[in-house]
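Protein chains: 2
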Amino acid sequence: MINAKAESHLGSASERRRFRAGEYDGVTSGLAPGHVQGNVVILPADWAGEFLRFCQANPKPCPLLACSDPGDAMLPTLGEDVDIRTDLPRYRVFRDGACVAEPTDIRELWADDLVTFVLGCSFSFEAALLADGLALRHIQENRNVAMYRTAIDCASAGRFRGKLVVSMRPLAPADAIRAIQITSRFPAAHGAPVHIGHPEMIGIADLERPDFGDPAGLRGGELPVFWACGVTPQVVLEQARPPIAITHKPGAMLITDLLSSRLAIL
Amino acid sequence: MINAKAESHLGSASERRRFRAGEYDGVTSGLAPGHVQGNVVILPADWAGEFLRFCQANPKPCPLLACSDPGDAMLPTLGEDVDIRTDLPRYRVFRDGACVAEPTDIRELWADDLVTFVLGCSFSFEAALLADGLALRHIQENRNVAMYRTAIDCASAGRFRGKLVVSMRPLAPADAIRAIQITSRFPAAHGAPVHIGHPEMIGIADLERPDFGDPAGLRGGELPVFWACGVTPQVVLEQARPPIAITHKPGAMLITDLLSSRLAIL
Numbered sequence: 075m076i077n078a079k080a081e082s083h084l085g086s087a088s089e090r091r092r093f094r095a096g097e098y099d100g101v102t103s104g105l106a107p108g109h110v111q112g113n114v115v116i117l118p119a120d121w122a123g124e125f126l127r128f129c130q131a132n133p134k135p136c137p138l139l140a141c142s143d144p145g146d147a148m149l150p151t152l153g154e155d156v157d158i159r160t161d162l163p164r165y166r167v168f169r170d171g172a173c174v175a176e177p178t179d180i181r182e183l184w185a186d187d188l189v190t191f192v193l194g195c196s197f198s199f200e201a202a203l204l205a206d207g208l209a210l211r212h213i214q215e216n217r218n219v220a221m222y223r224t225a226i227d228c229a230s231a232g233r234f235r236g237k238l239v240v241s242m243r244p245l246a247p248a249d250a251i252r253a254i255q256i257t258s259r260f261p262a263a264h265g266a267p268v269h270i271g272h273p274e275m276i277g278i279a280d281l282e283r284p285d286f287g288d289p290a291g292l293r294g295g296e297l298p299v300f301w302a303c304g305v306t307p308q309v310v311l312e313q314a315r316p317p318i319a320i321t322h323k324p325g326a327m328l329i330t331d332l333l334s335s336r337l338a339i340l
Numbered sequence: 075m076i077n078a079k080a081e082s083h084l085g086s087a088s089e090r091r092r093f094r095a096g097e098y099d100g101v102t103s104g105l106a107p108g109h110v111q112g113n114v115v116i117l118p119a120d121w122a123g124e125f126l127r128f129c130q131a132n133p134k135p136c137p138l139l140a141c142s143d144p145g146d147a148m149l150p151t152l153g154e155d156v157d158i159r160t161d162l163p164r165y166r167v168f169r170d171g172a173c174v175a176e177p178t179d180i181r182e183l184w185a186d187d188l189v190t191f192v193l194g195c196s197f198s199f200e201a202a203l204l205a206d207g208l209a210l211r212h213i214q215e216n217r218n219v220a221m222y223r224t225a226i227d228c229a230s231a232g233r234f235r236g237k238l239v240v241s242m243r244p245l246a247p248a249d250a251i252r253a254i255q256i257t258s259r260f261p262a263a264h265g266a267p268v269h270i271g272h273p274e275m276i277g278i279a280d281l282e283r284p285d286f287g288d289p290a291g292l293r294g295g296e297l298p299v300f301w302a303c304g305v306t307p308q309v310v311l312e313q314a315r316p317p318i319a320i321t322h323k324p325g326a327m328l329i330t331d332l333l334s335s336r337l338a339i340l
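Heads up: the sequence lines are chains A and B, in that order. Under our numbering, the residue at position 79 of the first sequence is numbered 153, and the numbers go up by one with no gaps. Under our numbering, the residue at position 3 of the second sequence is numbered 77, and the numbers go up by one with no gaps.
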């Protein structure tokens, strides 16, 4: 369960050391509060240029926080001693678009041509919403956020193409307005919503049947508010079928030393 | 009709001189483009303190741009040589809460104890929405915006109390999100919406029967977006029944020398 609360009050570097030592392989929601967490995509160099262009063309689902040099496993702009081969709780390894393993480190898979991408994630903007006093149902109910494949085409880049995936949070109207204001400040964490109110307009037939995550339980008087989702690049990646790709296991994100509040542009 | 386009490309000071000379007594929408226009309320000094408190407590319907000294008809912070006794196209005079006259100047009514309040108006944020490429139906159709009395109580201040009045603009969902972002930058022109999507939650039974203005014609796939409205203080004023009050005639606003873009806080 992606949003299950983990019990820890360690800092970001301490959490990464714990993962590196194999002492924790679960979800990172709630760990190292106040620090930016990121989606991870690792690709061979001859696929990396196209993926970089895909991120540039689709900043709402793919807000790029960092991109490594080929073969360099360190991510110095995201924190001290961040080694992407060991510092995630758990990984997913894809071969030709199919998930073949979920290891806790990828030292044996590392190669000189691998490029790491780290993309912003909704944990950062959710923390800002919670700090402003808004209630988020999936967090209150300890469920995963509801996610849907839409009819909206991403901008394609080389072999990377596909539909936008969105997450949905049900909010009372005044809270929806406030959430738009707050998340607009966080373009590096998916930014403002892409839609509000009429799911059928973006190709979602049944809110109670999400494609990923758990049903959201929209109540009377609430509006469904939709944000671009970091699952988008994962779906696009599976469709593009590179010979190898490595990602974080959903929910088990890279914890960086960056402060979430510093992602705010205003 | 409040939003009828007037034909003029004069500056703000030239427009005020035209009104002062009695050459124009119509609506000011579209005049002196780019300049802030304001709602005007003039009250005796022994009512002014309570009204000032009302504005302070209700900044969304009553964003205060300027407040004069008692008896001083000039508003130097709003422009050069602004004389509130002559510089509006047309006025409304209320005695004990009832409109008794609509003169084109108020020199004969002026008294040493009168205090002028100028409140921001939606023209400023509408200009920002139009400049961003959003279509506003009531402007396209040359109608007045739809306005509604809500069930939302304003904060009361002394003898001033009453329900919030809102204006409603129908917008496609993505445009509604953008409109929330843009109008959030203009707290001095009513700011962000107060509601979106569910009119019944704020006491509006039938969108096609506005209390003021023209029906808005909500279309399928659009959301009704509600902003606090400058009609609120006028309704509150009529209920409070001061012995005398003078306002602009709706639509015939004070044109100031301030640039609308300078009202943006970001």
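Cβ atoms here follow ideal geometry from the backbone N, Cα and C, with glycine treated the same way. What you are looking at is a predicted structure, and each value in this text was computed from that prediction instead of being measured.
Counting every other CB atom within 10 Å of its CB across the protein chains shown gives Ser88 of chain A a total below 16, marking it as exposed. Only those residues of the stretch 292-313 of chain A whose C-beta falls short of 8 Å from the nearest C-beta of chain B are listed: Gly295 and Leu297. One Cα belongs to Thr151 of chain A, the other to Ala262 of chain A, and the distance between them is close to 15 Å. Measuring C-alpha to C-alpha distances from Asp288 of chain B to each of B:Cys173, B:Glu215, B:Gly100 and B:His109 identifies B:Glu215 as the nearest. For Gln255 of chain A, the chain B residues whose C-beta falls within less than 9 Å of its own C-beta are Ile254, Gln255, Ser258 and Ala266, listed in chain order. DSSP places Ile318 of chain B in the coil class of the three-state scheme, outside both helix and strand. Proximity to Val110 of chain B across B:Pro144, B:Gly153, B:Gly96 and B:Ala302 peaks at B:Gly153, based on C-alpha coordinates. Ile256 of chain B places its beta carbon less than 7 Å from that of Leu203 of chain B. Listed along chain B, the residues sitting closer than 7 Å to Ala250 of chain A by beta-carbon distance are Ile270. Within a 10 Å sphere around the beta-carbon of Ala209 of chain B sit fewer than 16 other beta-carbons, which makes this residue exposed.
The Cβ neighbour count for Leu333 of chain B, taken over all protein chains shown within 10 Å, is under 16; the residue is labelled exposed. If one requires a minimum length of 3 residues, the beta strand (DSSP E) runs lying completely within the stretch 225-262 of chain A are 237-245, in chain order. Assignment of Cys141 of chain A by DSSP, reduced to helix, strand and coil, places it in the strand class. Rounded to the nearest angstrom, the gap between the Cα atoms of Arg252 of chain B and Gly265 of chain A is 12 Å.
Distance check between Ala248 of chain B and each of A:Ala248, A:His322, A:Val268 and A:Leu245 places A:Val268 closest, using alpha-carbon atoms only.
For Phe197 of chain A, the enclosing alpha helix (DSSP H) has its first and last residue at Ser196 to Ala205.
Residue contact with chain B for Pro244 of chain A: absent (no Cβ-Cβ distance below 7 Å to any residue of chain B). One Cα belongs to Met275 of chain B, the other to Trp301 of chain A, and the distance between them is close to 24 Å. Boundaries of the beta strand (DSSP E) around Gly112 of chain B: His109 to Pro118. Pairing Leu245 of chain A with Gly194 of chain A gives a Cβ-Cβ distance that is not under 7 Å. Here Thr151 of chain A carries a coil assignment [DSSP, helix/strand/coil].
By the rule that beta-carbons nearer than 7 Å mark a contact, Pro247 of chain B touches chain A.
Under the three-state reduction of DSSP output, His272 of chain A falls in the coil class, being neither helix nor strand. When DSSP states are grouped into helix, strand and coil, Arg92 of chain A belongs to the helix group. For Ile180 of chain B, there is no enclosing beta strand (DSSP E), as DSSP gives it neither H nor E. At a C-beta separation below 8 Å, Met275 of chain B has these neighbours in chain A: Pro247 and Gly295.
The beta carbon of Leu340 of chain A sits closer than 7 Å to those of Arg259, all from its chain and outside the five residues before and after it, given in chain order. Secondary structure note for Ile213 of chain B: its alpha helix (DSSP H) is the uninterrupted segment Arg211 to Gln214.
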